[in-house]
Amino acid sequence: MAIKFELIKEDKDSKARLGKLHTPHGIVETPIFMPVGTRATVKAMTPEEVKDLGAQIILSNTYHLYLRPGYELIKDAGGLHKFMNWDYPILTDSGGFQVFSLGNLRKITEEGVEFRSHIDGSKHFISPEKSIEIQNALGADIMMCFDECISYPATYDYVRNSTERTTRWAKRCKEYHKDWDKQGLFGIVQGGMYKELREQSAKDMIDIGFPGYAIGGLSVGEPKELMYEVLDYTTPLLPKNKPRYNMGVGTPDYLFESVIRGIDMADCVFPTRIARNGTVLTSHGRLVVRNAKYAKDLSPLDPECDCYACKNYTRSYIRHLFNVNEILGSRLTTIHNLYFLIKLMENIREAIKEDRLLEYKNEFYEKYGYK
RNA sequence: GGAGGAGUACCCAAGUGGCUAAAGGGGACGGACUGUAAAUCCGUUAGCUAAGCUUUCACUGGUUCAAAUCCAGUCUCCUCCA
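Mapping the first sequence onto the working numbering, position 296 (from 1) lands on 459, and the numbers just tick up by one.
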């Protein structure tokens with residue numbers, strides 16, 4: 164089996180876990196934050212930089228790579244790892260999120276999803292089998308089942324029908340995938356914000372059986388308390404000896420709250436996206452570095468940070484770069500934000516190890532300015 | 001000296017009697033961003049005691065119920081001819 168999860172320790176005050184995720188391209192320490200590199204690149208970063216920031220695994224995307232450059236090209240290039248020069252673990256999303264994000268550009272049927280390309284409007288059809296075929300060609304260590312990420316709010320009937328279909332699709336994904344020594348495949352629990360449907364979905368996914376389970380359909384616009392509530396009752400349903408992945412969360416509070424509820428993995432475009440838009444995460448909260456008030460501020464983005472950007476550059480300089488639309492601005496803020504979350508997860512792992520996660524969380528929240 | 005053209009908000013620029021505190025860009029300022037249709041998107045950008053009121057389209061005066069828009073004069077700039 165390509166994917167093995169080693170549970171090292173459980174936190175005494177919460178459901179947090181410390182673990183090691185074994186993959187064909189190395190071991191990932193959990194809980195982990197995974198930077199997103201949708202189009203075979205973590206935007207603005209070289210893979211070497213991503214690695215130097217401490218990233219252990221990155222995400223990429225089936226739908227985007229299928230459209231461009233095409234999965235056969237990547238297969239011929241020796242797979243995604245080789246193609247993008249990243250020799251560490253990769254997880255590919257199935258295209259399921261695009262069923263959500265592409266809105267009226269897609270049509271869902273039992274067979275699969277018809278997409279209108281967001282690039283040129285051309286029609287494409289992705290079924291569970293097709294998604295796995297593409298992901299097999301890409302060769303990521305961890306593949307995701309093709310699912311529908313349901314938007315919020317959604318009616319009970321819609322969620323039930325969609326979730327049941329996601330379950331049928333998961334079976335088809337599992338059946339289609341052959342080489343389990345080379346690549347793992349995770350199931351995705353859906354069920355919207357309905358407890359009963361989450362429970363059913365979790366049970367169904369476990370019955371099908373995967374080396375890891377994700378909780379999908381969260382962080383789609385629902386109030387955060389609702390997300391925490393869903394995590395509260397969904398996470399404990401998942402097997403202890405398998406990794407649990409909360410898809411699409413990446414603010415510090417979401418990460419803390421997920422980990423505390425027993426989540427091992429998370430990914431998010433948040434740090435890289437807001438970085439390119441001129442916002443950074445700091446130990447004292449978010450800071451919009453392109454704001455005028457930093458024009459003459461010669462301090463680093465975060466005085467308590469020892470990332471490359473903070474060690475070498477000032478807010479004033481980085482604001483200037485944004486002001487004149489120089490690409491280095493985005494690069495520096497991206498470096499900082501990724502480092503910030505990677506370091507945060509490192510601290511979280513350390514805190515779990517020392518049984519002081521909740522203390523650490525409280526300290527962090529207070530300083531960051533949460534609540 | 002002669003002929004023609006132009007002066008609009010921070011900048012460029014549309015508008016040539018009422019629906020114009022004035023289109024559209026840019027800039028500036030602020031906000032959003034959560035399995036990436038994103039180096040994107042949204043909002044504000046004359047002043048105020050902001051419902052409303054007051055002062056604006058080079059300047060001065062005039063015509064009109066009503067003027068950025070019409071008329072007269074003045075100033076400034078541009079092009080061409082001497």
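Glycine included, each C-beta is placed from N, C-alpha and C at the ideal position.
query	result
E169 versus P374: straight-line alpha-carbon distance, rounded	12 Å
Rounded C-alpha distance that separates G492 from F246	27 Å
Through-space distance from A429 to V191, alpha-carbon basis	12 Å
Per-residue burial, Y376 [other beta carbons within 10 Å of its own, 16 or more giving buried]	buried
When R449, R202, M390 and N440 are compared against P415, the one with the closest alpha-carbon	R449
Start and end residues, alpha helix (DSSP H) containing Y533	Careful: Y533 lies outside any alpha helix (DSSP H) and carries neither H nor E.
First and last residue of the uninterrupted beta strand (DSSP E) at T193	G189 to T193
Extent of the continuous beta strand (DSSP E) run through F278	V276 to R279
K172 versus A365, K516 and R407, residue with shortest Cα-Cα distance	K516
Presumed contact (8 Å Cβ cut-off) between S325 and Q363, rounded CB distance	In fact, because the Cβ distance is near 12 Å, the residues do not count as touching under 8 Å.
Residue environment, M307, which counts as buried when at least 16 other CB atoms sit within 10 Å	buried
Length of the line joining the Cα atoms of T496 and K206	11 Å
The beta strand (DSSP E) enclosing F349, as first and last residue numbers	G347 to V352
Residue interval of the alpha helix (DSSP H) (run including R519)	It is not in any alpha helix (DSSP H) - R519 carries neither H nor E in the DSSP assignment.
Inter-residue Cα distance where the pair is S257 and A458	43 Å
M356: first and last residue of the uninterrupted beta strand (DSSP E) it sits in	That residue, M356, is in no beta strand (DSSP E); it is neither H nor E in DSSP.
Helix, strand or coil at S364 according to DSSP, with G and I counted as helix	helix
Short Cβ contact (7 Å threshold) for P194 with M390	no
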